[in-house]
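A.B. asks: Take 1426 as the starting number for the sequence shown in this note's numbering and just add one per residue.
Heads up, the beta-carbon is just placed ideally off N, CA and C, and yes, glycines get one too.
Pasting in a structure now, in structure tokens, and then I'll have a few things to ask.
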Amino acid sequence: MPKNARKRAGRSKAGHKNEANATNKYSVEDLLEKANDCVEQFQFELACKFCQRALELDPHNLHALNTYACILLELGDAETAYDQFQQLIKLSPDVGHEKYMYLGQMCSGADAANYFNKGIEILKVELQQSNSVASNVDNSNFSQEISRAYCSLAEIYLTDCCFDENAAQHCESYCRSAIEHDIENAEAYQLLASCLLSQDQIDNAREYMQKSVSLWLPASRELDSNVEETEENFIIPNYDSRITCAKLLIELEQYETANEILDRLLQEDDEVVQVWYLLGWLHYLQKDYLPARQHLEMAKKLSEKFHCDDSKVNEHIQELLEEIPNSELTEDDEIEDENDDHVMETEDSPPNNCV
């Protein structure tokens, strides 16, 4: 090898060695800090590598395991994330509620309920410890998280475990516990209304739905009218939760409020099948057949466009269209061409518009 080449090779080896030494000098805390920085920049794969390196240095580091599991969820690797959360339970079964909350969301039925219950148990201990340290500390975050966990339990008994013995009683009890820990939790009142509706307690269900809506709909109106306000100043349920809210209101014959909520949802996103379908159903129930047909036809078009596989919704749309009396419509009552603008010609739109 020529002399200059040997020098260059020597410098190259020295450079790699120095880089390796520099990497080895990072502590677990340094690596996790870098991982968090990457997460803030949505660089999840790089963040994952920093976590893996941290776990090589300290395989039992709870912070590293939790961070790694959360990043894996962001990357869609639920199976490996599940394993990391299970490892966290083995290392620290009675400290740290987050792992149980994540596992509750990842599982279903009785398994999910067990995880949520354990998470709530730990949260209550953490709340007591916080209260004992300082009486003037704001512990609302603990109470709100406990409330949300009780909502998750109530939802399990409305869905996965709805046929279990005493499912209705469990659901109602969890809803009331959620309200007890956070009286401003709109989801808790909505779930309680749904639970009571399933028991044919119509008047009570209406009362709790009105309470739920009162906690966020006026704020939504204020957000529309006051340009200086920002969404961060209000707690408004997410899009799917408001769809569920509108559906419950229709079932409880609260048509005016349901119509307002659905119209607002359309303003946010006018290509969601469920919203057009619910508006069509709402107008049908009010015997307002022209807008009923218009909204149902749009729902049908969007369902075809996004290849929605919700057979119950698709079947109900078709049933309602067939039931609308033709005598109520004239040639001028066809859907206006401008409505077709809502349905684009491309077929590669995201499928989440079905719900």
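1. Determine the direct distance from the alpha carbon of I1581 to that of H1488, and round the result to whole angstroms.
2. Tell me the DSSP secondary structure of C1779 in three-state form.
3. Output needed for E1567: all residues of its chain with C-beta closer than 7 Å, excluding positions within five of it in sequence on either side, in chain order.
4. List in chain order: all unbroken alpha helix (DSSP H) runs of 4+ residues lying wholly within the segment 1577–1663.
5. Once DSSP output is grouped into helix, strand and coil, what is the label at S1452?
6. Assign H1485 to one of two classes, buried (16 or more other C-beta atoms within 10 Å of its C-beta) or exposed (fewer than that).
7. Would a C-beta distance cut-off of 8 Å place L1456 and A1479 closer than the cut-off?
8. Give the single residue among Y1664, Y1614, D1734, W1706 whose Cα lies nearest to the Cα of E1744.
9. Is E1696 helix, strand or coil when you go by DSSP?
10. Is the Cβ-Cβ distance between A1644 and L1677 less than 8 Å?
11. Checking 8 Å against the spacing of the C-beta atoms, do L1640 and A1611 come in under that value?
12. So, helix, strand or coil for P1484, using DSSP?
13. Buried or exposed, going by whether 16 or more other CB atoms sit within 10 Å of the CB of S1565?
14. Skipping 5 residues on each side, what residues in its chain have a beta carbon closer than 6 Å to that of K1725?
15. To the nearest angstrom, report how far apart E1597 and C1620 are at their CA atoms.
16. Determine the direct distance from the alpha carbon of H1720 to that of V1846, and round the result to whole angstroms.
17. Quick one, are the C-beta atoms of A1494 and M1526 less than 8 Å apart?
18. Measuring CB to CB, does S1637 end up less than 8 Å from A1593?
19. Can you tell which of C1587, L1687, Y1664 has the C-alpha that lies nearest to the C-alpha of L1674?
20. Buried or exposed for H1595, going by 16 or more other Cβ atoms inside 10 Å?
21. Specify the secondary structure class of V1550 as computed by DSSP and reduced to three states.
22. Identify every run of the alpha helix (DSSP H) within the segment 1669–1726, keeping only runs that are complete inside it and at least 4 residues long; order them along the chain.
23. Measure the alpha-carbon distance for N1591 versus E1605 and round it to whole angstroms.
24. Helix, strand or coil: which one does DSSP assign to Q1466?
25. Can you grab the Cα-Cα spacing for the pair Q1466 / N1751, in whole Å?
26. Can you tell me whether DSSP reads D1734 as helix, strand or coil?
27. Between which two residues does the alpha helix (DSSP H) harbouring G1529 extend?
28. Can you list, in chain order, the residues of its chain with a C-beta nearer than 6 Å to that of F1469? Leave out the 5 residues immediately preceding and following it.
29. Output needed for H1708: all residues of its chain with C-beta closer than 7 Å, excluding positions within five of it in sequence on either side, in chain order.
30. Quick check: A1618 and Y1633, are their CB atoms within less than 8 Å of each other?
31. Give the secondary structure of N1564 by DSSP, where H, G and I count as helix, E and B as strand, and everything else as coil.
32. Hey, could you find the ends of the alpha helix (DSSP H) L1500 is sitting in?
33. Taking DSSP as the reference, what is the three-state secondary structure of S1517?
34. L1490 and Q1512: beta carbons closer than 8 Å?
C.D. replies: Taking the structure as given:
1. 29 Å
2. Annotated three-state conformation of C1779 is helix, per DSSP.
3. Going by the sequence as given, residue 1567 is Phe instead of Glu. Excluding residues within five positions, the ones whose Cβ falls inside 7 Å are L1548, E1551, L1552, S1555.
4. 1592–1606, 1611–1623, 1627–1639, 1642–1650
5. coil
6. exposed
7. yes
8. W1706
9. The DSSP-derived three-state label of E1696 is coil.
10. Taking 8 Å as the Cβ cut-off, A1644 and L1677 do not qualify as a contacting pair.
11. With respect to A1611, L1640 sits close: the two C-beta atoms are nearer than 8 Å.
12. Here P1484 sits in coil by DSSP.
13. In this structure S1565 is exposed. Its beta-carbon is surrounded by fewer than 16 other beta-carbon atoms within 10 angstroms.
14. I1742
15. 6 Å
16. With the chain covering only 1426 through 1780, there is no way to say anything about residue 1846.
17. no
18. no
19. L1687
20. So H1595 ends up on the buried side.
21. helix
22. Along the length of the segment 1669–1726, whole alpha helix (DSSP H) runs at least 4 residues long occupy 1680–1693, 1698–1710, reported in chain order.
23. 21 Å
24. coil
25. 56 Å
26. Note: D1734 maps to coil in three-state DSSP.
27. 1523–1531
28. I1496, E1499, L1500
29. P1716, A1717, H1720
30. Against a cut-off of 8 Å, the Cβ pair of Y1633 and A1618 comes out as a contact.
31. Assigned with DSSP and collapsed to three states, N1564 falls in coil, not helix or strand.
32. No alpha helix (DSSP H) holds L1500; DSSP gives it neither H nor E.
33. coil
34. yes
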